[in-house]
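Enquirer:
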Amino acid sequence: MQGRHLCPVLASVGVIGTEWRLAIIHRLLEGPQRFSEILKSSARLNAKTLSATLKYLENQGVVQRHVISTRPFSVTYSLTEMGMGLAPVARELRAWGERWLVPRATPAARPGTSPRRTPAIQGELPRIVLADTEGHRTR
Numbered sequence: 001m002q003g004r005h006l007c008p009v010l011a012s013v014g015v016i017g018t019e020w021r022l023a024i025i026h027r028l029l030e031g032p033q034r035f036s037e038i039l040k041s042s043a044r045l046n047a048k049t050l051s052a053t054l055k056y057l058e059n060q061g062v063v064q065r066h067v068i069s070t071r072p073f074s075v076t077y078s079l080t081e082m083g084m085g086l087a088p089v090a091r092e093l094r095a096w097g098e099r100w101l102v103p104r105a106t107p108a109a110r111p112g113t114s115p116r117r118t119p120a121i122q123g124e125l126p127r128i129v130l131a132d133t134e135g136h137r138t139r
């Protein structure tokens, strides 16, 4: 955050606020996972992005890496106490996405919606973009 004083919401979004960070955290809420298991969880996720994201989350104190064996080399990743603290946030984001973003058989049940206006998210979390009050991206 480069020494700036941010509100807790902006500081939190700075740590977890990318598509892959949230997706990996959500996956690790199921329990410890091997690199290959996390990689298989999304067809759009590649090894380079996963490696960089896990390293970032580990440096932030959200994820911990456990070496299980050295021959053959085997590692699992799990959430720290800080990472587990995101469980209610992940549940609420999922519930919000299911209610407002995932198309339903009866979209007219929500006032002001129609099948043409309901965006579809298929298996991935939406990307969060920070913007100032004039709509310019801050990152």
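Mind the numbering: the sequence shown is residues 1 to 139 in my numbering, read in order. Every residue, glycine too, gets a C-beta built ideally from N, C-alpha and C. Here the structure is a predicted model, which means the values were calculated and not measured.
(1) Considering only their Cβ atoms, is the gap separating leucine 45 from tyrosine 141 smaller than 9 Å?
(2) Okay, do the segment 29–41 and the segment 62–80 touch, 3+ Cβ pairs below 8 Å being the bar?
(3) For a test of the three-state rule: what should DSSP assign to leucine 93, helix, strand or coil?
(4) Could you tell me the boundaries of the beta strand (DSSP E) in which serine 78 lies?
(5) According to DSSP, which residues form a beta bridge with glutamine 64?
Expert: Considering the structure as presented:
(1) With the chain covering only 1 through 139, there is no way to say anything about residue 141.
(2) A contact is defined here as three or more CB-CB pairs under 8 Å, and the segment 29–41 meets this definition with respect to the segment 62–80.
(3) Reduced to three states, the DSSP call for leucine 93 is helix.
(4) For serine 78, the uninterrupted beta strand (DSSP E) segment begins and ends at 73–79.
(5) Note: glutamine 64 sits in a beta bridge opposite Ser78.
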